[in-house]
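In what follows, a structure is listed as structure tokens, so that the remarks can point back to it.
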Amino acid sequence: MGFSDVESLDYHWLLSRIEKQRVLRAVSVQGVMEHALQHRERVGVQDFVLLEDFRSEAAFIDNLRKRFNENLIYTYIGNVLISVNPYKNLPIYTEEKTKLYYKKAFFEAPPHVFAIADNAYRSLVYEHREQCILISGESGSGKTEASKKVLEYIAARTNHLRNVETVKDKLLQSNPLLEAFGNAKTHRNDNSSRFGKYMDIQFNYEGAPEGGHILNYLLEKSRVVSQMSGERNFHIFYQLLAGADQDLQRHLRLQGRPEVYKYTTDVGPMNQKMNDAQQFRIVQEAMKVIEIGEAEQRDMFEIVASVLHLGNVKFVQNDKGYAEILNHDANSGNVADLLRVDAIKLRESLTSRTIEARGDVVNTPLDIEQAQYARDALAKAIYEKHFSWLVARLNSSLAPKEKDNWSSVIGILDIYGFEIFPKNSFEQFCINYCNEKLQQLFIQLTLKQEQEEYLREGIEWEPVEYFNNIVICDLIEARHRGIIAILDDECLRPGDATDASFLEKLTQHLDGHKHYKSHRKMDIRTQKTMGRDEFCLVHYAGEVTYNVSTFLEKNNDLLFRDIQSLMASSGNAIVGSCFKDLNLTSKKRPETAITQFKNSLNELIKILSSKEPSYIRCIKPNDFKQPMQFDDKLVSHQVKYLGLMENLRVRRAGFAYRRTYDAFLERYKCLSSETWPNYQGPARMGVQKLVEVLNYDREDYRLGNTKIFIRFPKTLFETEDAYQIKKNDIATIIQSRWRGYWQRKQYLKMRAAAIVIQKWVRRFLAQRLRDRRRKAADVIRSFIKGFITRNGPETPENRRFLGIAKVHWLKRLSTRLPTKVLDLTWPPCPATCQEASRELHRLHRAHLSRKYRLALSPQDKKQFELKVLAEKMFKGKKNSYPSSIAERFLEDRLTSEHQVLRNTFMASPSWPTGEQLIYSCEAVKYDRRGYKPRERALLASDRALYVLDAAARKTYKLKHRLPLDKLRVVVTNETDSLVLIKIPQELKKDKGDLIISVTHLIEALTIVTDYSKKPDIIEIVDTRTIAHNLVNGKQGGTIEVTKGTQPAIQRAKSGNLLVVATP
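Numbering-wise (our numbering), the sequence shown opens with residue 823 and increments by one.
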């Protein structure tokens, strides 16, 4: 079956199989857009333009949800990227993923922030069109992370170019600095940008980054002095308190605890403090990369610390009802020292102000409320100007070293998205005004891009109906009659202007405007929920109600001239330079905050209008910062506020899908036999043939100069599904043909190889059989010769036989080894193994001995040690030693009655504290004169020998306490039990040597020697007579030693002590 057979299949039969294919779940959805279409039922479409029901917000959100549940967080609307914050780390930013987008056409890879960055970079480098990437979304939707990923991609993309490392490091390290000073924790985001940022990255003619420039907008400086419950001040305050070392904290006079300071009272958990300390070190490293020196760093930290101290300045009311600061207030002194200004002037400027009226200068004291306003205004002004200085300092570090006329830029705008809260104030008004302007620019540029593409392709442009929000922009910014003009007039006019009067003027001038709603004109039901101090604007994204409270105060943004003059004189270089730029002598009132913001915004619009834009719209899926949670209602609000449905409607006003002829033909050429496998003519003609085969209606498509335009997604879906079916059929045919050819080829090769192998195997087997027989004969012959000469010396002839005999002997020996240590038997061995047998016998005896020794209990081990010591001391020296071997040595030889007496004695004061008893036994003591025997008890401690009178049987009486280190013991070499204890002359209390009979003599002396470690105190004499001394060394008497049948110790007729020992 060839390709023509496949083509003969009815095309509509292919379509009938589409539904069956849709139920198949693919493992992966990576690849180009058209490939992913086959999985659209599960993961949605990669481009919202391909939604069939593109007007349905429910279908839009359902597509977002499908992709979010599959961890596909990026989706396109044409060339606009929708990014849903996953609130978890995904493996989609690796080096491998980064390289996937290098030099790829926009739709050749799945939607990704890298695709936006690469498309902008290639347009800049190859087409020399300056680019800008606009990132917007709610707080917590991932705008800051998106801008980081753009920078990281550009850094990776330009990694091969020379001399770019320093510039890339500075661009990347500018983020930690700006986040520390401009980001804060809010209810919606732990790292919320509280300012708008536009960064220009400048590239040279090679496409390498060589510098950058940053513009900042509308820093939320009110956060410096107050935050909502559960939110925090700017990160740098907590990072400085948690991460500064002791020397720096001592210099800044900080305590290291945020709860101590009024401006940082909301403190997070302990792990947050540890993270703050780590981030502070990152900030310090970033400062080094940006080339901010140590002096500048110290000035910056002094400014941050001064704001903290300033918040703790307290005012008291004096007798006249005015505010004053006590002289001993340390906080005002700390502020003055850190900012290097006069402390007295600082107190005066915070509690009074100077007013010039008709040439006269009047000093007006402030009440407590006014003083607190002045303090907070100063804190906000210092921090705001410091932040502006930091941005300028970054710009000076990022500025290219040399001017390049061929340079071009990519701008990255990270700006706040449309905001609507339960209570909306001045900040939300400015933010939403900014979003109105950007939405107007977005629609204009989108329509412009569409028109330009249609014009290039020669396709008739059909006018698109869309909501033009210029009417809302005019309502806000029109001269003399817009909200901004009315607000400025109210702020600048003489008299008592209030927020209420401002609201009244708004109602007078704008009550007839269809996008302005006041409380007065609302229906009764709406009036119940809308305050009298509120007005409502109908923005492009919906209605927002604003509370006018503090509008005038925040718009005026006044800082008393006295405070400005004082700050201009600051010794802190940064503060001084920031406030010296102000024209303090000018009588002209400075521009209001809203006017400054409007002018900056208009300049931004001019910048963006001059560049080719790319868009990233960020969405947060839930309010709890949790992964895999998708809140349809919350997402629906953001889709509305970001104007995504309007964007999709404009993009779908013409054709939903467009692709170059080459790309379209390359993918779908298999659907026609005229274009498969390779079409030789122009790509446009090949696409024309495909369109005819696919039966496109005339209204379904248009052929442009280089692209085919398809109007409806359904047409593309049917084409893609037909392609998937056809691809499987063609693959089956190719596989069958190839497998048949391959198997036949393999069979012939295998058959030829088998014949060759069989021939060689037969030859090999015959040779091996011959060799085996020859080898067997040699083995038998040598074995017989070895048996014959087995008892002779080892020779080459009997070596193998003897080896086998040795092996067999060792095997027999292994089963007949003695198992007991006292078993001295040993199996016989061959004559050639005599030496090995003796060595093995010795080793086995040692093994059994070691095994027996390791099995001993601690008590048995101690017995063996004592027996060994006794052998060393008495074997061959004392005839009674052999009789002591069999009996175990005991440390206590007293009867139970004597044990009670001993314990009583040891509990008495006569027994020194800390002495340890080592041996006790009963003994007989013989008098030095007359040799009368007396019962005694012997107690040996680790320090002394105690001789106790045991005759009373009620209690022991201490007769002698003899230190062990002073004694010398004399025993005979016979079997008697007599011990003569030689007492030195310095022990005058004793009357002479002690003569004692101890039943277990060897046991007692061994145990005492084991503890004292002094075997030399024992003397064994081999004489028939032994002299003993009385006090002062006088001769006392003689001990006669003789042998007899019965052992005895008694007084002899000669008057001496007779010791009778058995043979």
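Backbone N, C-alpha and C fix where the C-beta goes; we use that ideal spot for every residue, glycine too.
Small disclaimer: the values here were computed from a predicted structure and weren't measured.
Assign residue i to one of three DSSP states: helix, strand, or coil.
i, result
"phenylalanine 870", "helix"
"threonine 1654", "helix"
"glutamate 1687", "helix"
"alanine 1883", "strand"
"lysine 1043", "helix"
"lysine 1875", "coil"
"arginine 1489", "helix"
"valine 1163", "coil"
"glycine 1393", "coil"
"alanine 1773", "coil"
"histidine 1302", "coil"
"histidine 1035", "strand"
"lysine 1865", "strand"
"serine 1128", "helix"
"serine 1636", "helix"
"tyrosine 1518", "coil"
"alanine 1759", "strand"
"valine 1457", "helix"
"isoleucine 1610", "helix"
"asparagine 1377", "helix"
"histidine 1782", "strand"
"leucine 1172", "helix"
"alanine 1030", "coil"
"asparagine 1500", "coil"
Find the nearest neighbour of residue i within the set the options, judged by alpha-carbon distance.
i, options, result
"aspartate 1600", "Arg1585, Ala1165, Ser1392 and Glu1619", "Glu1619"
"proline 1806", "Ser1659, Tyr1255, Leu1786 and Arg1621", "Leu1786"
"arginine 1710", "Gln1681, Ser1718 and Pro1731", "Gln1681"
"valine 1769", "Ala1745, Glu918, Ser1671 and Ala977", "Ala1745"
"glycine 1239", "Phe1251, Trp1228, Val1231 and Ala1766", "Phe1251"
"arginine 1383", "Lys1402, Lys1788 and Phe1248", "Lys1402"
"glycine 1029", "Thr1647, Ser1636, Leu1570 and His950", "His950"
"glutamate 1275", "Asn901, Leu894 and Asp1771", "Asn901"
"glutamate 1081", "Cys1256, Tyr1060 and Ala1066", "Tyr1060"
"proline 1734", "Ala1762, Arg1758 and Gln868", "Ala1762"
"asparagine 1527", "Ile1281, Thr1794, Arg1751 and Ser1679", "Ile1281"
"valine 1513", "Glu1825, Lys1699, Gln1502 and Ile1532", "Ile1532"
"isoleucine 1363", "Tyr1463, Ala1307, Ala1319 and Arg1590", "Just to set this straight, residue 1363 is alanine in the shown sequence, not isoleucine. Checking every option, the nearest Cα to that of alanine 1363 belongs to Tyr1463."
If residue i sits next to residue j, beta carbons under 8 Å apart, how far is it from one beta carbon to the other, in whole angstroms?
i, j, result
"arginine 1481", "tyrosine 1545", "13 Å between Cβ atoms; not a contact."
"lysine 1442", "serine 963", "4 Å"
"tryptophan 1211", "cysteine 954", "Not confirmed; about 26 Å, so no contact."
"serine 1742", "leucine 1716", "5 Å"
"leucine 1297", "isoleucine 1305", "7 Å"
"lysine 1836", "leucine 1809", "Not confirmed; about 17 Å, so no contact."
"isoleucine 807", "leucine 1800", "Any answer about residue 807 is impossible in this case: the structure gives the chain only from 823 up to 1885."
Spell out whether any CB of chain B is found under 8 Å from the CB atom of residue i.
i, result
"isoleucine 957", "Reference to chain B is not applicable here, since this structure consists of a single protein chain."
Does residue i pass the burial test, meaning 16 or more other C-beta atoms within 10 Å, or should it be called exposed?
i, result
"serine 799", "With the chain represented from 823 up to 1885, any question about residue 799 goes unanswered, as that position is not in the structure."
"alanine 939", "buried"
"phenylalanine 1586", "exposed"
"proline 933", "buried"
"glutamate 1312", "buried"
"tyrosine 958", "This sequence places serine at residue 958; tyrosine is not what is there. With 16 or more Cβ atoms within 10 Å of its Cβ, serine 958 is classed as buried."
"leucine 903", "buried"
"aspartate 1593", "exposed"
"arginine 1524", "buried"
"proline 1435", "buried"
"glycine 1866", "exposed"
For this session: Would you check if the segment 1470-1488 and the segment 1367-1379 touch, i.e. whether three or more CB-CB distances between them fall below 8 Å?
Result: Contact between the segment 1367-1379 and the segment 1470-1488 is absent, because fewer than three Cβ pairs lie under 8 Å.
query = Any chance the segment 1025-1042 sits against the segment 1373-1386, with 3 or more Cβ pairs inside 8 Å?
reply = By the criterion of at least three beta-carbon pairs nearer than 8 Å, the segment 1025-1042 is not in contact with the segment 1373-1386.
Review point. Just checking, does the segment 1421-1441 make contact with the segment 1211-1220 on the three C-beta pairs under 8 Å criterion?
Key: Not touching, per the Cβ criterion.
Discussion item. Does the contact criterion of 3 or more C-beta pairs under 8 Å hold for the segment 1317-1332 versus the segment 1424-1433?
Written reply: Contact fails: fewer than three Cβ-Cβ distances are below 8 Å.
Three or more C-beta pairs under 8 Å: does that hold for the segment 1444-1453 against the segment 1342-1349? They do not touch, by the three-pair rule.
Requested in this report: Say whether the segment 1824-1838 touches the segment 1681-1696, bearing in mind that this needs 3 or more beta-carbon pairs closer than 8 Å, one atom from each stretch.
Outcome: Result yes; three or more Cβ-Cβ pairs closer than 8 Å.
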